[in-house]
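Just so you know, UniProt numbering puts 62 at position 62 of the sequence shown, and the rest follows in order with no gaps.
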Amino acid sequence: MHIDPAHKTEWLNLVSSKGIGLILRSITIDYKFPMTYPDKVTVYHKLVHDPTSPDAPRHGFYLHAMIVSEARQRPAARVSEDLVMYDYKAIKKAELPPFVMEQFKSTWDLQEQAKKYWQERILDIETRVRTLETESWDREDAVEDTGSAKQ
Numbered sequence: 001m002h003i004d005p006a007h008k009t010e011w012l013n014l015v016s017s018k019g020i021g022l023i024l025r026s027i028t029i030d031y032k033f034p035m036t037y038p039d040k041v042t043v044y045h046k047l048v049h050d051p052t053s054p055d056a057p058r059h060g061f062y063l064h065a066m067i068v069s070e071a072r073q074r075p076a077a078r079v080s081e082d083l084v085m086y087d088y089k090a091i092k093k094a095e096l097p098p099f100v101m102e103q104f105k106s107t108w109d110l111q112e113q114a115k116k117y118w119q120e121r122i123l124d125i126e127t128r129v130r131t132l133e134t135e136s137w138d139r140e141d142a143v144e145d146t147g148s149a150k151q
């Protein structure tokens with residue numbers, strides 16, 4: 001399945017050396033613990049910069065990723081990637097093609113919507129926890145019960 005079927009061939013060519021393609025300029029991986037077989041991982045990527053920003057790079061993009069261990073149910077590594085578009089025929093950097101920019105704009109919008117949604121959820125949970133704390137032990141008449149061995 002392709003998200004952008006109209007540009008299927010162009011997307012596939014980005015990972016080849018037949019014209020304009022991607023080059024990994026740099027990658028940094030911060031491992032949290034050693035992983036061993038047969039652990040499986042899930043990798044979550046996100047764009048670092050708004051592609052419509054005037055400060056966004058024209059010839060590439062940055063991604064952050066989190067690698068999650070299924071066995072340990074926690075992050076196994078954090079990744080920072082710097083990718084560049086490269087024209088293999090002209091042997092020089094190339095600007096991001098319009099079909100890539102459109103997909104990045106859509107992805108950025110979805111990231112921002114998800115961020116807003118989860119920030120609201122976190123605020124709601126924090127508010128509910130604070131209400132529970134206030135009702136149960138943050139009162140003037142509350143007495144701390146640390147337990148006792150005496151019966």
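Yeah, the Cβ is synthetic: ideal placement off N, Cα and C, and Gly gets one too.
query	result
Rounding to the nearest angstrom, what Cα-Cα distance links residue 108 and residue 137 in this structure?	43 Å
Taking the alpha helix (DSSP H) that residue 100 belongs to, which residues open and close that run?	98 to 136
From the DSSP secondary-structure annotation, give me the bridge partner or partners of residue 47.	63
Tell me the rounded alpha-carbon separation between residue 41 and residue 72.	10 Å
Can you list, in chain order, the residues of its chain with a C-beta nearer than 6 Å to that of residue 68? Leave out the 5 residues immediately preceding and following it.	42 and 75
Tell me which same chain residues have a C-beta within less than 6 Å of the C-beta of residue 111, skipping the five on either side of it?	46
If contacts are defined as beta-carbon pairs under 8 Å, then residue 15 and residue 22 qualify, I think. What distance do you get, rounded to the angstrom?	6 Å
Reducing DSSP to helix, strand and coil, say where residue 9 ends up.	helix
Could you tell me whether the Cβ of residue 98 comes closer than 8 Å to any Cβ of chain C?	The chain labelled as chain C is not found in the depicted structure, where only one protein chain is given.
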